[in-house]
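Novice:
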Ligand SMILES: [Zn+2]
Ligand SMILES: [Zn+2]
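In the numbering used here, the protein residues as written are 168 to 601.
1. Mind checking which residues open and close the beta strand (DSSP E) that includes residue 436?
2. For residue 551 versus residue 503, is the C-beta spacing smaller than 8 Å?
3. For residue 247, report the span of its beta strand (DSSP E) as first-last.
4. Starting from residue 519, trace the beta strand (DSSP E) both ways and give me its first and last residue.
5. Threshold first: 4 residues or longer. Then list the alpha helix (DSSP H) segments lying entirely within the segment 300–335, N to C.
6. Work out the CA separation of residue 271 and residue 323 for me, nearest whole Å.
7. Using alpha carbons as the reference points, say which of 497, 519, 577, 586 lies closest to residue 556.
8. Comparing the CB of residue 205 with every heavy atom of ligand 1, is any distance shorter than 7 Å?
9. Based on the DSSP secondary-structure assignment, which residues constitute the bridge partners of residue 571?
10. Collect the residues with a C-beta less than 7 Å away from any heavy atom of ligand 1 and give them in sequence order along the chain.
11. Restricting to Cα atoms, I'd like to know which of 578, 421, 383, 527 is closest to residue 611.
12. Please report the distance separating the alpha-carbon of residue 446 from that of residue 569.
13. I need the straight-line Cα distance from residue 372 to residue 596, nearest angstrom please.
14. Would the C-beta of residue 368 count as close to ligand 2, meaning under 7 Å from any of its heavy atoms?
15. For residue 485, which option in 316, 299, 366, 196 has the closest C-alpha, if you only look at C-alpha atoms?
16. Determine the contact status of residue 473 and residue 599, defining contact as a CB-CB distance below 8 Å.
17. So what's residue 513 in DSSP terms, helix, strand or just coil?
18. Apply the 10 Å Cβ neighbour rule to residue 276 and answer buried if 16 or more other Cβ atoms are within range, or exposed otherwise.
19. Taking just the CA atoms, how far does residue 450 sit from residue 290?
20. Kindly examine ligand 2 and report whether one of its heavy atoms sits closer than 7 Å to the Cβ of residue 390.
21. Are the segment 427–434 and the segment 375–390 in contact at 8 Å, needing three or more beta carbon pairs?
22. Could you say which of 399, 358, 580 lies nearest to residue 515 if we only look at CA atoms?
23. Buried or exposed for residue 198, going by 16 or more other Cβ atoms inside 10 Å?
24. Quick test of your reading: residue 576 and residue 526, contact by CB under 8 Å. State the CB separation rounded to the nearest angstrom.
25. Are the segment 185–194 and the segment 235–242 touching, with three or more C-beta to C-beta distances below 8 Å?
26. Run the CB neighbour count on residue 425, radius 10 Å, all protein chains shown included, and call it buried at 16 or more, exposed below.
27. Just mark residue 172 as buried or exposed, buried being the case when its beta carbon has 16 or more other beta carbons within 10 Å.
28. Secondary structure at residue 284, three-state DSSP: helix, strand or coil?
29. Counting beta carbon pairs with one atom in the segment 506–513 and one in the segment 585–596, are three or more of them shorter than 8 Å?
30. For residue 214, count the other beta carbons within 10 Å of its own beta carbon; 16 or more makes it buried, fewer makes it exposed. Which is it?
31. Check whether the segment 388–401 touches the segment 310–317, counting contact only when three or more Cβ pairs, one atom from each stretch, lie closer than 8 Å.
32. Quick one: using the 10 Å Cβ neighbour count with 16 as the cut-off for buried, is residue 573 buried or exposed?
33. Evaluate the contact criterion for the segment 284–301 versus the segment 339–347: three or more CB pairs, one atom per stretch, below 8 Å.
34. According to DSSP, is residue 211 helix, strand or coil?
35. Buried or exposed for residue 210, going by 16 or more other Cβ atoms inside 10 Å?
36. What number of angstroms, rounded off, separates the C-alpha of residue 251 from the C-alpha of residue 240?
Next up, the structure:
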């Protein structure tokens, strides 16, 4: 008898027998893998239940004398009336290699242990398959494209259910606080928590430290002769000072710092500059931001205000914010200043300036021409060659270049207007218009 004999049955019946026989012809296949190919049929039964039902059914058909192409090792525990009993030996599933009984339970335990290190409300499980499992899963999906569930989905569900039951936390698909990765390439669980974002404003009260941490280019932070074994190019940074209590309290791995623009290393920032700091892989999420602020503000270099919990979207908002700036510059000129010439500075009211990328940053930025507006310039004479300038300008203005002219790459400039070269600039940001 061939499969033609089944044509008097319904089409769907034939489909189920075709799928079952193809699966059971691969080799020994466990009930979980057999049932998974019918996962999208019937509610309220596990894949294992379904595998058992289908195997029983195929066994009935076989015992009734139907000629179905299957590997008989799939029917070891059956007592057939007409067929011979199959010799039993220990079987390994040709699809999952028994991971559901031998590996997944261990990984579930590992997951439950690892998530205990984290404070979280909800989570999501993901799975990375190894090459063999991936290929076998593809084969199964091809045999039963309409009813199959992928092995990944099944693993995710099994692990998710156990973790949920043990911890009392729920699964969250859209924005989980914790991601649990079942890594079947490495046979281990990897847990990572969602970054914690904190918004605030900072002042930088000293010159000589950068906004973000600059790791040594040579050793990339490990420490070498060039960086005096510090791994960093500067003694500190705004980021380092702000991240310190945060990393400690959240037990996070590291931070990313996003400022609304940045001042140069040699420039102080005396008004609060908005920033968002991202703490990567925090174990603790509910921290006292007043305490964090107190800790940071013990520093002589950096002060913060208005700390609050933020989101990833706030990073973009902070980075894209275009705040006008006010600078105070103490400028030393080459020649003596001419009081009459200085009058010209009073005419700088909403003046458009053109700036080519400054020579000092050309090595890392594209050579572009920018147009910025200098809204106002006020001056005070400090000496024969020294001026104090208060300059109000657009976000992103290269203000040092507006003062010294950058060899004609910024036009107009203070140096050009006064026909006097600039020898030295000491600069502070004194206003960030929010
Ligand atoms: Zn299996
Ligand atoms: Zn180094």
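Just so you know, even glycine gets a beta-carbon here, dropped at the ideal spot from N, CA and C.
Specialist: Answer, in terms of the structure:
1. Residue 436 sits at position 269 when you count from the first residue of the chain shown. Per DSSP, residue 436 belongs to the beta strand (DSSP E) from 435–447.
2. Here residue 551 refers to the residue found at position 384 when the chain shown is read from its first residue. Here residue 503 refers to the residue found at position 336 when the chain shown is read from its first residue. Cβ distance < 8 Å, so residue 551 and residue 503 count as in contact.
3. If you number the chain shown from 1, residue 247 lands on position 80. In the DSSP assignment, residue 247 falls outside any beta strand (DSSP E), carrying neither H nor E.
4. Here residue 519 is taken as the residue at index 352 of the chain shown, counted from 1. From DSSP, the beta strand (DSSP E) with residue 519 extends over 516–523.
5. For the segment 300–335, whole alpha helix (DSSP H) runs of length 4 or above, ordered along the chain, are 318–334.
6. On the chain shown, position 156 is the one that residue 323 refers to. On the chain shown, position 104 is the one that residue 271 refers to. In a straight line, the C-alpha of residue 323 is about 10 Å away from that of residue 271.
7. Mapped onto the chain shown, residue 556 falls at position 389. Among 497, 519, 577, 586, the Cα nearest to that of residue 556 is on 497.
8. Working through the chain shown from its first residue, we reach residue 205 at position 38. It does not: the Cβ of residue 205 is nowhere closer than 7 Å to a heavy atom of ligand 1.
9. Sequence index remark: in the chain shown, residue 571 carries index 404 (1-based). Paired residue(s): none; residue 571 is not in a bridge.
10. Near ligand 1, residues with a Cβ at less than 7 Å from any of the ligand's heavy atoms are 196, 197, 199, 200, 260, 262, 263, 265, 267; the list follows chain order.
11. For residue 611 there is no data in the structure shown, the boundaries of the chain being 168 and 601.
12. The residue labelled residue 446 in the question sits at position 279 within the chain shown. The residue labelled residue 569 in the question sits at position 402 within the chain shown. Roughly 36 Å separates the two Cα atoms.
13. What you label residue 372 is simply residue 205 of the chain shown in a count that begins at 1. What you label residue 596 is simply residue 429 of the chain shown in a count that begins at 1. Here the C-alpha atom of residue 372 lies approximately 10 Å from the C-alpha atom of residue 596.
14. In the chain shown, counting from the first residue as 1, residue 368 sits at position 201. Between ligand 2 and the CB of residue 368, the shortest heavy atom gap is not smaller than 7 Å.
15. Position 318 of the chain shown, counted from the first residue, corresponds to residue 485. Restricting attention to 316, 299, 366, 196, the CA atom closest to the CA of residue 485 is found in 366.
16. Residue mapping note: residue 473 aligns to position 306 of the chain shown, counting from 1. Residue mapping note: residue 599 aligns to position 432 of the chain shown, counting from 1. Taking 8 Å as the Cβ cut-off, residue 473 and residue 599 do not qualify as a contacting pair.
17. Taking the chain shown and counting its residues from 1, the one referred to as residue 513 is at position 346. Helix, per DSSP.
18. On the chain shown, residue 276 is found 109 positions in, with the first residue counted as 1. Classification for residue 276: exposed.
19. By one-based count along the chain shown, residue 290 stands at place 123. By one-based count along the chain shown, residue 450 stands at place 283. Looking at the two C-alpha atoms, the distance is approximately 13 Å.
20. To locate residue 390, count along the chain shown from 1; it is residue 223. At a cut-off of 7 Å, the beta-carbon of residue 390 counts as near ligand 2: some heavy atom of the ligand is closer than that.
21. By the C-beta criterion, the segment 427–434 is judged to be in contact with the segment 375–390, since at least 3 inter-stretch pairs fall below 8 Å.
22. In the chain shown, the residue the question calls residue 515 occupies position 348. The shortest Cα separation from residue 515 among 399, 358, 580 belongs to 580.
23. By 1-based counting over the chain shown, the position of residue 198 is 31. Per the 10 Å Cβ criterion, buried.
24. Here residue 576 corresponds to residue number 409 of the chain shown, with the count starting at 1. Here residue 526 corresponds to residue number 359 of the chain shown, with the count starting at 1. Taking the Cβ atoms as the reference, residue 576 lies roughly 7 Å from residue 526, within the contact range of under 8 Å.
25. They touch, by the three-pair rule.
26. The residue labelled residue 425 in the question sits at position 258 within the chain shown. In this structure residue 425 is buried. Its beta-carbon is surrounded by 16 or more other beta-carbon atoms within 10 angstroms.
27. Counted from its first residue, the chain shown places residue 172 at position 5. In this predicted model, residue 172 has a pLDDT of only 48, less than 50, meaning its place in the structure is not dependable enough to derive any value.
28. Looking up residue 284 in the chain shown gives position 117. Three-state result, residue 284: coil.
29. Judged by Cβ distances under 8 Å, the segment 585–596 makes contact with the segment 506–513, as three or more pairs qualify.
30. Counting from one through the chain shown, the residue named residue 214 turns up at place 47. Label assigned to residue 214: buried.
31. As far as the Cβ criterion goes, the segment 388–401 does not touch the segment 310–317, which means the pair count is below three.
32. In the chain shown, counting from the first residue as 1, residue 573 sits at position 406. Classification for residue 573: buried.
33. Yes, the segment 284–301 touches the segment 339–347.
34. Locating residue 211 in the chain shown gives position 44, counting from the first residue. Residue 211 falls in the coil class under three-state DSSP.
35. As a first step, residue 210 must be located in the chain shown, where it is residue number 43. Answer is exposed; the Cβ neighbour count stays below 16.
36. On the chain shown, residue 251 is found 84 positions in, with the first residue counted as 1. On the chain shown, residue 240 is found 73 positions in, with the first residue counted as 1. Rounded to the nearest angstrom, the gap between the Cα atoms of residue 251 and residue 240 is 12 Å.
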